[in-house]
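> Provided herewith is a single structure, encoded as structure tokens, for subsequent inquiry.
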Amino acid sequence: MNPSPFDSPTIGSGPEFPEPLLPPATLGVIGSGQLGRMFIQAAQRMGYRVGVLSATEDTPAAQVANWSVIGPPDHLPALRKMAERAEAITVEFENVSAPALRWLARRTLVRPGWLTVWVSQNRIREKSFLSSHAIPLAPWLPIRTAADAGAAAESLGLPFVLKTAASGYDGKGQIRVESEADALPAWLRLGRVPCVAEGWVEFASEVSVVVARGQDGKAVAYPVGLNRHDRHILDSTMMPAPVGPIVTQEAQRLAISIAQALNTVGVLTVEYFLKADGTLLVNEMAPRPHNSGHLTIEAATSSQFEQQVRALCGLPLGGTSLIQPAAMVNLLGDLWTGGEPDWAAAFRDDPGVKLHLYGKRTAAPGRKMGHLTVLDPDPESALSRAIAARRALVRGHLKAHSSS
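Our numbering runs 20 ahead of the 1-based position in the sequence shown.
Here is the structure:
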């Protein structure tokens, strides 16, 4: 398959509903992790029934779905069952089979459109698309051959970052290249697959904007989130980010312009590098709800997952204003080292803490198991409280472990 989406003004479009799809209609989601789980919970609160295409019966999304189809996301019989039972289907993650979504879109409504997903799941396609729409990026080059890898340092300078074009997230599939001699070995370590080389960016912070775009073409943006990463995995988000009105407006404008250029219907997240002089450079985008938007479940008029439901069903989009500033911290599997965290400790110390667990049976270092959210009139205080609550889980767990 070799579509050429960049010349198309309707890259993400699909069939339209003559009328909004209302409860108790049946929706479907491809993908069975925590993003699917929270989408299902939002849809069910609105009165919809939701089925999931899941690898097994005991995944985060399948645990809360009204029904499940068991199979891989590109399995034709499983997709056929989803099309037969669901009146509209969305995806929880961009790394799904674009040909499978294209096949599915001929039989039922799929949002976001398969071409939007196809662009987003490959860094070369994504950066080519963004460049074609004059979106600011760090300097970059496509790397397809050993010669490309060897020449990258001369074009981009040192250091630069080599990233696989496909299937990279949370820091996976990327290597920092410090010298010209390291470039080719780095490409070989990544498996000789297509990659992008990105010029090194000295940034002051990392921020993100979640946008929702409806079938009528109207788009709304949430406040900017300030993100902190640990080991390339999102550790915390604070919203609104203390970046000032000019940066806020530009980050929201760029995110909405990308959603409009894609003609996507659904939720889109754009992550940025923010330089010390206020310059924004797009790092990457995802055509779905995002970890940095999880705090909108409690903090915003409408959560990012409710917006995903509204866009999928052709409903008017909800509001994006914050009820109160908020912060979110991730709970990684590292917290489970030696046993279950002491959940009572966090609740006892701060009754305002909101706990979300994703139903994952096995914890592993770096695996996202849940998150904590705290609302506070002062966003810095919200972040401090959320971090303290997470720290209490560890303290409580270690205390219980040492006394046993």
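Ideal placement from N, C-alpha and C gives every residue a C-beta, glycine not left out.
1) Between G53, P44, V49, R196, which has its C-alpha nearest R387's C-alpha?
2) Given this structure, state the Cα-to-Cα distance separating G237 from P336, to the nearest angstrom.
3) DSSP has H249 in a bridge; who is on the other side?
4) Using C-beta distances below 7 Å, list every residue in its chain close to A103, excluding the 5 sequence neighbours before and after it, in chain order.
5) Could you check whether R330 and E114 sit closer than 9 Å to each other, using their CB atoms as the reference points?
6) Sort out for me which residues DSSP pairs F180 with in a bridge.
7) With a threshold of 7 Å on Cβ separation, who are the neighbours of A85 within its own chain once the five nearest residues in sequence on each side are excluded?
8) Rounded to a whole number of angstroms, what is the C-alpha to C-alpha distance between Q280 and L135?
9) Reducing DSSP to helix, strand and coil, say where A45 ends up.
10) Please classify L426 as buried or exposed, where buried requires at least 16 other C-beta atoms within 10 Å of its C-beta.
11) When the Cα of N311 is compared with those of F367, W207, P43, V349, which residue comes out closest?
12) I need the straight-line Cα distance from V197 to L352, nearest angstrom please.
13) Pick out whichever of V244, V263, L301 has its Cα sitting closest to the Cα of T316.
14) Does the Cβ of K101 have 16 or more other Cβ atoms within 10 Å, making it buried, or fewer, making it exposed?
15) Please report the Cβ distance between L392 and L375, rounded to the nearest whole angstrom; I am assuming they are in contact, meaning their Cβ atoms lie under 8 Å.
16) Rounded to whole angstroms, what's the CA-CA distance from V231 to E291? Just pull it up for me.
17) On the three-state DSSP scale, how would you describe H338?
18) Do Q141 and A186 count as a contact pair if the criterion is CB distance below 9 Å?
19) Rounded to a whole number of angstroms, what is the C-alpha to C-alpha distance between R215 and R368?
20) Please list the terminal residues of the continuous alpha helix (DSSP H) segment that includes R368.
21) Give the DSSP bridge partners of V229, in chain order.
22) Which of the three DSSP states, helix, strand or coil, is assigned to I266?
23) With H, G and I counted as helix, E and B as strand and the rest as coil, what does DSSP make of R411?
24) When you compare the CB positions of A120 and A169, do they come within less than 9 Å of one another, or not?
25) So if DSSP puts E87 in a beta bridge, which residue, or which two residues, is it bridged to?
26) Suppose the cutoff is 7 Å on Cβ atoms and the five residues either side in sequence are ignored; what does the same chain contact list for S323 look like?
27) Indicate whether L8 and P159 have their beta-carbon atoms separated by less than 9 Å.
28) With respect to the beta strand (DSSP E) encompassing G390, which residues constitute its N-terminal and C-terminal limits?
29) V285 and Q235 - do their beta-carbons sit closer together than 9 Å?
30) Quick check: G193 and L176, are their CB atoms within less than 9 Å of each other?
31) Suppose you measure from the CA of A406 to the CA of L355; what does that come to, to the nearest Å?
32) Among the residues of its own chain, which have a CB less than 6 Å from the CB of V89, if the five just before and after it don't count?
33) Looking at C-alpha atoms only, which residue of G298, C333, D297, L342 is the closest neighbour of H314?
34) Do you know whose CA, among A217, L150, S117, lies nearest A166's CA?
35) Below 8 Å on the Cβ atoms is my contact criterion, and I expect H249 with E270 to pass it. Report the Cβ-Cβ distance as a whole number of Å.
36) So, under 8 Å CB-CB, M305 and L288 are touching, yes? Tell me the CB distance rounded to an integer number of Å.
So, from the data block:
1) Ranking the options by Cα distance to R387, first place goes to G53.
2) 11 Å
3) L254
4) Taking C-beta separations shorter than 7 Å and ignoring five residues to either side along the sequence, the partners of A103 in its chain run L124, R127, T128, following chain order.
5) no
6) According to DSSP, F180 bridges with V197, G219.
7) I60, V70, G71, V72
8) 14 Å
9) coil
10) Residue 426 lies beyond the range of the chain shown here (21 to 424); nothing can be said about it.
11) V349
12) 28 Å
13) The candidate whose alpha carbon is nearest that of T316 is V244.
14) buried
15) With a contact defined as Cβ atoms closer than 8 Å, L392 and L375 qualify at about 6 Å.
16) 11 Å
17) Checking the displayed sequence, the identity of residue 338 turns out to be Gly instead of His. G338: coil per DSSP, three-state reduction.
18) yes
19) In the sequence as displayed, the identity of residue 215 is Cys instead of Arg. Their Cα atoms are separated by approximately 48 Å.
20) It spans 363 to 369 - the alpha helix (DSSP H) in which R368 sits, taken as one unbroken run.
21) V290
22) In the structure shown, I266 sits in a helix (DSSP, three-state: H, G or I).
23) Three-state result, R411: helix.
24) Note that the C-beta distance between A120 and A169 is not below 9 Å.
25) With the sequence shown as reference, residue 87 is identified as Trp, and Glu is not the correct amino acid for it. G71, per the DSSP bridge assignment.
26) A62, T316, I317
27) It is not possible to answer for residue 8, since the shown part of the chain is limited to 21 through 424.
28) 388 to 395
29) yes
30) no
31) 15 Å
32) L73, A98, K101, M102
33) L342
34) A217
35) Under the criterion of beta carbons closer than 8 Å, H249 and E270 do not qualify as touching, at roughly 22 Å.
36) 6 Å
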